[in-house]
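Trainee: For the sequence shown, the UniProt record's numbering assigns the number 81 to the initial residue and increments by one for each residue that follows. Even for Gly, the Cβ is constructed at its ideal location relative to N, Cα and C.
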Amino acid sequence: RSTTYDVSLRHMENHGFLILSFQDVTQLAQAGQMRRDFVANVSHELRTPLTALMGFIETLSGPARDDPKARDRFLGIMADEAGRMNRLVGDLLSLSRVEADERVRPTVQTDVTEVLRTTLRNLTPLASDNEVTLKSDYGEAPMLILGDRDQLLQVFTNLVENAIKYGGSGQQVSITTETNLRDPALRGPAVRVMVQDQGPGIDALHLPRLTERFYRADNHRSRALGGTGLGLAIVKHILNRHRGRLRIASKLGQGSTFSVILPLDSEGN
Ligand code: ADP
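This is how it looks when you write it as structure tokens:
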């Protein structure tokens, strides 16, 4: 890519030095463009349910006023649309919070095994609503990392929720772990948590962009399932904070595996 530099020359009169200051304007321009794209996306995502709500309010206060059947149906749709807005605002808040403390390393010991247990307990009702079997295969032994428990809970919740949602009914979602892993990119031992589904899989062309805000591999399916398009972006920022990584392996028609790799706390192990 071509890079533009903003070069300014200043003459330090007192000392007779010449100062050259370089600034990568291309990067600044890109950051500005990303911010504008983000604001445009947020506005669009909020406007869609809002427009629907306004339309139904108009219908309910006019033509459908005396039709109890239509009223019930429209109120149901309005509740869904308000729920979508609520999820979006919640995810935007989460994203801005995780971005704000992305550079602050967690200092508290957290047990990944316990966080996984809680995630699965919380998501059991969603799994049974979707006729999905959750299969977990990890022992009771603690896996200690330096981590923010709530944020880690959010990471595993987002991944398992996606696996349930996209996996489809009658399928199985399995959660497995591998501990004392040696990951070349990390200095010490690490733990890997794998969330695997038997869903439709993801085309390779989408994989590198899945963690971008609002990027969806299948726009229609994501929206139909109530997705905000922010879940994996949140996961990425939380993992950055924990020096962790996300790996996605998927093939169309063959399900997906989302793996989280986190450095173990060497002090505690
Ligand atoms: P969304 O709210 O749309 O689910 P995410 O950021 O969680 O947003 O995921 C981004 C996109 O990645 C989704 O829209 C979907 O296309 C794809 N995706 C995520 N998880 C899975 C999965 N387990 N199987 C298939 N596609 C998935």
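1) Would you report the Cα separation of residue 209 and residue 187, rounded to the nearest angstrom?
2) Where DSSP assigns a beta bridge to residue 270, which residues make up the other side?
3) Does residue 145 come out as helix, strand or coil in the three-state DSSP assignment?
4) Is residue 166 near the ligand ADP, in the sense that its beta carbon is under 7 Å from a heavy atom of that ligand?
5) Under 7 Å Cβ to Cβ from residue 297, same chain only, skipping five residues before and after it: list those, please.
6) Looking at the unbroken beta strand (DSSP E) that takes in residue 189, where does it start and where does it end?
7) Just how far apart, CA to CA, sit residue 144 and residue 151?
8) Helix, strand or coil: how does DSSP classify residue 234 here?
9) Does the beta-carbon distance from residue 178 to residue 251 come in below 8 Å?
10) Specify whether the segment 305-317 and the segment 162-172 touch according to this definition: at least 3 beta carbon pairs, one from each stretch, less than 8 Å apart.
11) Between residue 115 and residue 306, is the Cβ-Cβ spacing less than 8 Å?
12) Establish whether the CB of residue 121 and some CB of chain D are separated by less than 8 Å.
13) Less than 8 Å separating the beta-carbons of residue 80 and residue 224?
14) Could you name each continuous beta strand (DSSP E) segment of 3 residues or more that falls completely within the segment 274-338, going from the start of the chain to the end?
15) Pairing CB atoms from the segment 255-263 with CB atoms from the segment 215-229, are three or more of them under 8 Å?
16) For residue 247, which residues in the same chain have their Cβ closer than 7 Å to its Cβ, ignoring the five residues on either side in sequence?
17) Cβ-heavy atom distance between residue 22 and the ligand ADP below 7 Å?
18) Once DSSP output is grouped into helix, strand and coil, what is the label at residue 228?
19) Tell me where the beta strand (DSSP E) around residue 217 begins and ends.
20) Can you round the beta-carbon distance between residue 199 and residue 236 to whole angstroms, since I take them to be within the 8 Å contact cut?
Mentor: Quick answer:
1) For the purposes of this step, residue 209 is identified with residue 129 of the sequence shown, where counting begins at 1. For the purposes of this step, residue 187 is identified with residue 107 of the sequence shown, where counting begins at 1. Linking residue 209 to residue 187 through their CA atoms gives a straight-line distance of about 37 Å.
2) Within the sequence shown, the letter at position 190 stands for residue 270. Residue pairing by DSSP places residue 270 opposite 261, 343 in a beta bridge.
3) Translated into positions along the sequence shown, residue 145 becomes position 65. Coil at residue 145, not helix or strand.
4) Residue mapping note: residue 166 aligns to position 86 of the sequence shown, counting from 1. Not so, every heavy atom of the ligand ADP lies at least 7 Å from the Cβ.
5) Stepping through the sequence shown from its first residue, residue 297 is reached at position 217. If we look at residue 297 and ignore the five residues flanking it on each side, its Cβ neighbours are 282, 283, 286, 290.
6) Along the sequence shown, read from residue 1 onward, the residue named residue 189 stands at position 109. Boundaries of the beta strand (DSSP E) around residue 189: 189-191.
7) For the purposes of this step, residue 144 is identified with residue 64 of the sequence shown, where counting begins at 1. For the purposes of this step, residue 151 is identified with residue 71 of the sequence shown, where counting begins at 1. Straight-line Cα distance between these residues: approximately 6 Å.
8) As a position in the sequence shown, residue 234 is number 154, starting the count at 1. Three-state DSSP puts residue 234 in a helix.
9) As a working note, residue 178 is residue 98 in the sequence shown. As a working note, residue 251 is residue 171 in the sequence shown. No. Outside cutoff.
10) Between the segment 305-317 and the segment 162-172, the count of Cβ pairs shorter than 8 Å is three or higher; the stretches touch.
11) For the purposes of this step, residue 115 is identified with residue 35 of the sequence shown, where counting begins at 1. For the purposes of this step, residue 306 is identified with residue 226 of the sequence shown, where counting begins at 1. In this structure, residue 306 does not lie closer than 8 Å to residue 115 by Cβ.
12) Given the protein chain composition of this structure (a single chain), no chain D is represented.
13) As shown, the chain starts at 81 and ends at 349. That puts residue 80 outside it, with no answer to give.
14) Within the segment 274-338, the runs of beta strand (DSSP E) at least 3 residues long that lie entirely inside it are, in chain order, 325-330.
15) Yes, the segment 255-263 touches the segment 215-229.
16) As a working mapping, residue 247 is identified with position 167 in the sequence shown. Around residue 247: 212, 253, 277, 278, 279.
17) Only positions 81 to 349 of the chain appear in this structure, which leaves residue 22 out of reach.
18) The residue labelled residue 228 in the question sits at position 148 within the sequence shown. Correct three-state label for residue 228: coil.
19) Sequence index remark: in the sequence shown, residue 217 carries index 137 (1-based). It spans 213-217 - the beta strand (DSSP E) in which residue 217 sits, taken as one unbroken run.
20) As a position in the sequence shown, residue 199 is number 119, starting the count at 1. As a position in the sequence shown, residue 236 is number 156, starting the count at 1. For residue 199 against residue 236, the beta-carbon gap comes to about 4 Å, under 8 Å, which counts as contact.
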